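So the structure is just underneath, and the comments pick up after that.
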Amino acid sequence: MISLISRRPRGGRALAAAVGVVAVFTTLTGPAGPAAADGTPPASAAPRLSVATRTVTLITGHVVRVTDVGGGKKSVDVRRPHGSTGGVRTETVGGDLYVYPDEALPYLAANRLDRRLFDVTSLIEQGYDDQHSTGIPLILGYRGKVAATAPTGTTKVRSLRSVNGASVRAAKKQVRKLWTSVATDAPADRPALRGGLSRIWLDGRVRATLHDSTAQIGAPAAWGSGLDGMGVKVAVLDTGADTHHPDLAGRVSGAVSFVPGESAEDGNGHGTHTASTVGGSGAASEGAEKGVAPGADLLIGKVLADEGYGEDSWVIAGMEWAVGQGAKVVSMSLGGSEPTDGTDPMSQALDRLSESSGALFVVAAGNTGYEASMSAPGTAGSALTVAAVDSEDKLAYFSTTGPRYGDYALKPDIAAPGVDILAAKAGGSADSGWYRTMSGTSMATPHVAGAAAILAQEHPDWSAPQLKDALMSTAKPLPGLTAYQIGAGRADLAASTAATVTATGSAYFGFDAWPHGGPAAVGRTVTYRNSGDSPVTLSLGMTASVAGGPYDVDPGADAGTPAPEGMFALSADSVTVPAHGTGSVTATARPGLGADGRRYLGQISASDASGAVRARTQVGLYREEERHPLDVTLKDRSGKPAPGFVQLQRFGTDADPQIVPVDETGRATVRLRAGTYSALSYLAVAGSHGPDSLGMALMGDPELVMDRGRTLVLDASRTREVTAEVPRRTEDRMLYMNWYRSDGGISTVDSQYLLPSTYDSMFVLPTRKVTRGTFEYETRWRKAYPLLSLSRDGRPVTILGQAGTGFYEGRERMGVVYAGSGAPADYAGLRVKGKAVLVDRSDALTGSQRAEAAADAGAALLIVVNDGPGKLLEYVGTDEGGYSGVPVASVTTREGRPLIERARHGTLRLDVEGVPDSPYVYDLVDPHPGRIPATGLTYRPRASELAVVDMRFHGTTGYPSGEYRWDYRPYRTYAVGFPLRMDMPGTRTDYLSAQPGTSWAEDAITGPGLALESNGALTTYRAGTRVASDWFAPVAHPRNGGGYWWSERQQGFLSFNVQPWTDSGSGHGGTMQDGTAGLDLKVYQDGELVKTSAYASATLWPIPTVPSTYTLDLHAERDAAAYRLSPRTHSVWRVRSEPVTDPLGIDRMALMQLDYGIATDLSGNARGGRQTLRLTGSHLPHAAGAGRVAGATLAVSYDDGRHWRPVRLDRTATGHWTARFDAPHRGFVSLKARTWDDAGNSLAQEVTRAYGLK
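Residue numbers (this note's numbering): 1389 to 2642.
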């Protein structure tokens, strides 16, 4: 199985003018997964866009952007939907990034929402990111007999009766409407969904996971007995089937596709392979390669697309169709991407359909090769789940092993050959071959499905459980392999068809939970069936041993140690089974005799009078490890009980953290495994700036030892305030608090909470110094000159800029007019043009409607008085995401009522100052390693402790722009922030913290729709230094920057990647995010065209294992009306490449680069006359096969390339070339340059209108 795997309001996206988004970022890092084992390129080697950013819209409407910044670091920003003000938690587990908005946390904790809906990494991998999907596919579960109607914002796809649900698709542009229509105002500890919904799942994607192999399972013996599956319907749910293949011609009685827009024909090959293994005729090989049950009646259900993936709902619909067609056996060589405990929709559907129809579902175990990683639907209790062995009956390295996630139940159930299986090839021919080999549990599964069909032919009255028991109890045990690896053993069809005695296949005694207060003895009935004509007396024996410890902590503990005497027993040592009857015994387990935290596996053998074993039953039990109660108490800054959440992460595991909800009593109790934990809580509390002030308290214990029952009191009255002081006038544009904890192994928590602008205070609870691992608390500030300031009679008025607000520039004293609730009718008869308008907030109008009415009336400023306690933050921009047509700020009720009284009497004047572009920024971080101290929490950096960066933003006036800088500590993979608006062109002076261990990465965006993005490389600054940084400066041209994937070669494949619009800034890489730029890439291999792409990236696979020469020809073009400079470029790279001999080796390609140095103003214009241009030729850093840069040429044009003039180049001592030439005083300079090395690598590049002249 292939695993499932505005001071001048403008159009465009509104950038945050102040901190208007709350986000909590928690990073949990674990070990990296293995490389691909089948010789195909890993996911990271798939054709990559040169764009470094991926965007994902969540079910709550939050938009997550993840950007590679190089060096293994990524930046994350979460953009909230209109109306959302809560926080966002982010976790990284096993390399996957999860983003959890606070408003979804209660539903996640109550199991109302599928966690996969917030797995950003997986959503991207499945093609559900915004670049590839306009909707979110969902499966809705309904309570009782509620009609399965589609909620607001969704379109119903199909009903799914087997799970009492429906599949729907939520349009991303409408998904916030969906969320608000199903979410309720119920208490956080008792969340409920509206519309009769019980749960919402992601309709996740599943993926498609014979001569010698049929003999290996004993099929020829069954054929010799006249059994071939005749009359038995077998449904194969896969990628469809090539019904024109000789082996399947005339073998398929029905075929239906559940994949939208695709027929049931197989465009992948996986389904044809599995279908022929079940019941192919072998006609193309004169019968030699026939399937296990060549007489079975095949039904083909296409539930996986030609690309090899499907959605959960397609699979469920296929299962419902299969049983509706009368299938006795259903073969499913597919599975999901997440381990489950069998309570997921696919597993539930399978269990219900099997029970109602009597069909046996045979399902692949999966190809992860890991313990406890089995996914749906193989985790269903009714499924016959199949592992894979090779031709020598050794466990296939890729075969997923048990136990089942969560409850440690026995899985898989059986094994079959799954390595190098020869079967029908879709689209095959006599010339190209009719057969192909494939490996996976996908290949093992149809062997067992075919065996089940033959057994069903032999015993047409047998139910699905009887078929499953028969196949399991007669399977061949394999030495050295346990039931968690191969179930009952390798399928033995010869034994199964010859057997007259069968037994219960497996008996699980269950999960004995700590503190082990369950029954002293647990019994399970084991039933023996005799289909023979004579009674049979069976001697019974039972053995058991330790199979290991918890799968996530110590999986191999005490493995092989015999179970204690008396722990497992049988009610009788023999049983007589009458002819055509049944007999039973009770198997008993006494969990109390076992060791805590141990898995036990065993086997019951039934032997006849000759001593021959006639049937076997697998048994198992898990005795949970030590657990202790943790009593949690949350208190606010007044010492009163407070509701909230506490996150707990246990050391020694990379499992998901546990989120504990705390109700209005401020108390909660949770049962925890013994060990050491990181406990963390973020609690909204009263701030330090008056009655309407709001603060955030970070509280926790980085080293909570659970060796007995414990009490954790997180009391905000004991917290200390965290502040920063700088010498110049500023306001906080962004604040976040960071908690990092690592045990030195696989358990790591990196949690960041980004405060919204409604919060003005930060508090922390001091901690003890940790004694093991690493801990650090860090505070982050971005400070700048206030965007908007109001004062009355010399006294400042406390305001809060609203999300999406337009901007005011200047300084003046304004008259103020009161306009009621701010509806259009309220402006009748009022003279507000050029004045400030004061209005009351009400639910009758949205923030955007109030802003629009004020702008239409000609107001210069809108001030909204809150109608409730605290500060008001609303979205006031346009529906399209643009800025409001008037600047909008809010004031509290306490401060606003006196203003209204003065305005009513026409005597109110306000002094207004607006500075949209701050002349300076302070980007500050203050880390505290080892503990959170009780003192020293006010950060006052000296000038000598900061680095100064002179920022120059080049560009064209008239388009929105933005910029942000992310901070990184040594441990951090993901850093949080969001772009803040910045007019371009412009300059600014930035002051950065530069303590050891702190580095920075920056990003700038501009142009129509903010489409042009420039990413900077990860940079470390030295304290006390001053440097310059230019953004969007000429010459923009194709060049690799530090924040993107390099062009690389690995064994068997290579990938090219270039950023088409890189500016002259050091380490920058530039791309167009909206796809409006025209890109045409052609790749030649030794002169032959092998790849074309509409992106500036491409992957070649396979590639020759000999030295080759590659030529990349890239044409890039963008809108010349929006981008007056570099509207067109043409680049041709020639690069030599040697094979990579190390299977794990990665060689960077020796692509050459050109850099152009020309002094221009901020609009990109150089003064006409004598020009001095510096030209530099280089390679990608650390490139394999790079030679010495040997030469360069340059030509210039003043008519967009119609005529070119060669320019003399003088080589400098530093390896650059200097060009001097005369140019006119208007127009543009186009450049045509070439550079080469002495190893055969070169680059020729032409840039139209590289820079302007004045």
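The beta-carbon is built from N, C-alpha and C at its ideal position, and this holds for glycine as well.
These numbers were taken from a predicted model, which means no experiment stands behind them.
For N2126 and E2333, the rounded distance between their alpha carbons: Numbered from its first residue, the sequence shown carries residue 2333 at position 945. Numbered from its first residue, the sequence shown carries residue 2126 at position 738. Going from the Cα of E2333 to the Cα of N2126 covers about 21 angstroms.
Burial state of P1634, where buried means 16 or more other Cβ atoms lie within 10 Å: As a first step, residue 1634 must be located in the sequence shown, where it is residue number 246. Buried, by the Cβ-count rule.
Spatially closest choice to A2572 from S2435, H2604, V2313 and A2003, by CA coordinates: The sequence position of residue 2572 within the sequence shown is 1184, counting from 1. The candidate whose alpha carbon is nearest that of A2572 is S2435.
Whole-number beta carbon distance between E1677 and G1683, since they are thought to touch under 8 angstroms: To locate residue 1683, count along the sequence shown from 1; it is residue 295. To locate residue 1677, count along the sequence shown from 1; it is residue 289. Not a contact, Cβ separation roughly 16 angstroms.
A1811 vs H1658 beta-carbon contact at 7 angstroms: As a position in the sequence shown, residue 1811 is number 423, starting the count at 1. As a position in the sequence shown, residue 1658 is number 270, starting the count at 1. It is not a contact, given that the beta carbons lie outside the stated cut-off.
Distance between Y2124 and Q2140 (C-alpha atoms, nearest Å): Walking along the sequence shown from the start, residue 2140 turns up at place 752. Walking along the sequence shown from the start, residue 2124 turns up at place 736. Taking the straight line joining both Cα atoms gives about 7 angstroms.
Reference Y1368; option with closest CA among R2319, E2012 and A2405: Past the boundaries of the shown model lies residue 1368; the chain is included only from 1389 to 2642, so the question cannot be answered.
The stretch 1584-1592 / the stretch 1513-1531 touching (three or more Cβ pairs under 8 angstroms): Taking a contact to require three or more Cβ pairs closer than 8 angstroms, the stretch 1584-1592 and the stretch 1513-1531 qualify as touching.
Three-state secondary structure (DSSP) of H2613: Against the sequence shown, residue 2613 aligns to sequence position 1225. DSSP, read as helix, strand or coil, puts H2613 in coil.
A2482, buried or exposed, once every other Cβ within 10 Å from all chains shown has been counted against 16: In the sequence shown, counting from the first residue as 1, residue 2482 sits at position 1094. The Cβ neighbour count for A2482, taken over all protein chains shown within 10 Å, is under 16; the residue is labelled exposed.
Beta-carbon proximity list for P2527, same chain, < 6 angstroms, skipping 5 on both sides: Locating residue 2527 in the sequence shown gives position 1139, where the first residue counts as 1. The answer, listed in chain order, is T2493.
Close-in-space but distant-in-sequence residues of the same chain around S1569 (CB under 6 angstroms, 5 per side omitted): As a working note, residue 1569 is residue 181 in the sequence shown. Leaving aside the five residues that flank S1569 on each side, the residues in its chain whose CB is nearer than 6 angstroms to its CB run, in chain order, P1539 and T1540.
Separation of L2086 from A2423, as counted between CA atoms: Numbered from its first residue, the sequence shown carries residue 2423 at position 1035. Numbered from its first residue, the sequence shown carries residue 2086 at position 698. Looking at the sequence provided, one finds Val at residue 2423 rather than Ala. In a straight line, the C-alpha of V2423 is about 46 angstroms away from that of L2086.
Test item: CB-CB of G1344 and L2071 under 7 angstroms: Only positions 1389 to 2642 of the chain appear in this structure, which leaves residue 1344 out of reach.
Euclidean distance between Cα positions of G2194 and R1468: By one-based count along the sequence shown, residue 2194 stands at place 806. By one-based count along the sequence shown, residue 1468 stands at place 80. Near 18 angstroms, if we compare the C-alpha coordinates of R1468 and G2194.
Residues bridged to R2562 [DSSP beta-bridge criterion]: Locating residue 2562 in the sequence shown gives position 1174, counting from the first residue. In DSSP, R2562 forms a bridge with G2545 and T2606.
Rounded separation between T2602 and V2034 - CA only: As a working mapping, residue 2602 is identified with position 1214 in the sequence shown. As a working mapping, residue 2034 is identified with position 646 in the sequence shown. One C-alpha to the other measures close to 58 angstroms.
Helix, strand or coil at Y1707 [DSSP, three-state]: Locating residue 1707 in the sequence shown gives position 319, counting from the first residue. In the sequence under discussion, the amino acid at residue 1707 is Met, which differs from the Tyr named in the question. For M1707, the three-state secondary structure derived from DSSP is helix.
From G1746, F1786 and D1729, residue whose alpha carbon lies closest to that of A1768: Locating residue 1768 in the sequence shown gives position 380, counting from the first residue. Nearest C-alpha to A1768 among G1746, F1786 and D1729: D1729.
Element boundaries [alpha helix (DSSP H), containing P1853]: For the purposes of this step, residue 1853 is taken as the residue at position 465 of the sequence shown. Here the alpha helix (DSSP H) through P1853 covers A1852 to S1861.
E1653, DSSP secondary structure in three states: Taking the first residue of the sequence shown as position 1, residue 1653 is located at position 265. DSSP places E1653 in coil when its eight states are reduced to three.
Alpha-carbon spacing of R1436 relative to H1520, whole angstroms: Numbered from 1 along the sequence shown, position 48 holds the residue referred to as residue 1436. Numbered from 1 along the sequence shown, position 132 holds the residue referred to as residue 1520. Because the pLDDT at R1436 is just 34, under 50, the model does not fix this residue reliably, and the point stays unresolved.
Residues near M1930 in its chain [Cβ-Cβ closer than 8 angstroms; skip 5 each side]: In the sequence shown, residue 1930 corresponds to position 542, counting from 1. For M1930, same chain residues with a beta-carbon under 8 angstroms away, outside a window of 5 residues either side, are F1956, A1957, L1958, A1975, G1990, Q1991, I1992, S1993 and V2007 in chain order.
Through-space distance from S2349 to D2549, alpha-carbon basis: Start at 1 with the first residue of the sequence shown, and residue 2549 comes out as number 1161. Start at 1 with the first residue of the sequence shown, and residue 2349 comes out as number 961. C-alpha separation (whole angstroms): 18 angstroms.
Stretch pair the stretch 1599-1608 + the stretch 1692-1709: three plus CB contacts closer than 8 angstroms: The stretch 1599-1608 is not in contact with the stretch 1692-1709.
DSSP beta-bridge partners of W2521: Locating residue 2521 in the sequence shown gives position 1133, counting from the first residue. For W2521, which the question treats as bridged, DSSP gives the partners L2500 and L2631.
Environment of G1400 [buried if 16+ CB atoms lie within 10 Å]: Translated into positions along the sequence shown, residue 1400 becomes position 12. Caution applies to G1400, whose pLDDT of 36 falls short of 50 and renders its modelled position unreliable; the value that the coordinates give is listed next. Within a 10 Å sphere around the beta-carbon of G1400 sit 16 or more other beta-carbons, which makes this residue buried.
Residues that A2112 bridges to, as DSSP identifies them: Sequence index remark: in the sequence shown, residue 2112 carries index 724 (1-based). Residue pairing from DSSP places A2112 in a beta bridge opposite Y2327.
Local conformation of K1461 per DSSP, three classes: Your numbering for residue 1461 matches position 73 in the sequence shown. Reduced to three states, the DSSP call for K1461 is strand.
Length of the line joining the Cα atoms of L2469 and S2485: The sequence position of residue 2469 within the sequence shown is 1081, counting from 1. The sequence position of residue 2485 within the sequence shown is 1097, counting from 1. Rounded to whole angstroms, L2469 and S2485 show a C-alpha spacing of 8 angstroms.
Inter-stretch contact (C-beta, 8 angstroms, three-pair minimum) for the stretch 1851-1870 and the stretch 1881-1899: In short, these stretches touch, since the Cβ pair count reaches three.
Backbone secondary structure at T1428 - three-state DSSP: Residue numbering aside, residue 1428 sits at position 40 when the sequence shown is read from its first letter. Because T1428 carries a pLDDT of 35, less than 50, the predicted location of this residue cannot be relied on, and the following value inherits that uncertainty. Note: T1428 maps to coil in three-state DSSP.
Residues near N1499 by beta carbon distance below 8 angstroms, same chain, minus five either side: Locating residue 1499 in the sequence shown gives position 111, counting from the first residue. Once the five neighbours on either side are set aside, the close Cβ partners of N1499 are R1587.
Helix, strand or coil at W2449 according to DSSP, with G and I counted as helix: Counting from 1 along the sequence shown, the entry for residue 2449 is found at position 1061. Residue state, collapsed to three classes: strand.
E2351, enclosing beta strand (DSSP E) - first and last residue: As a first step, residue 2351 is located in the sequence shown; it is residue number 963 there, counting from the start. Annotation: the continuous beta strand (DSSP E) that includes E2351 extends over G2350 to Y2356.
Local Cβ density within 10 Å of L2009, reported as buried at 16 or more and exposed below that: Position 621 of the sequence shown, counted from the first residue, corresponds to residue 2009. It counts as buried.
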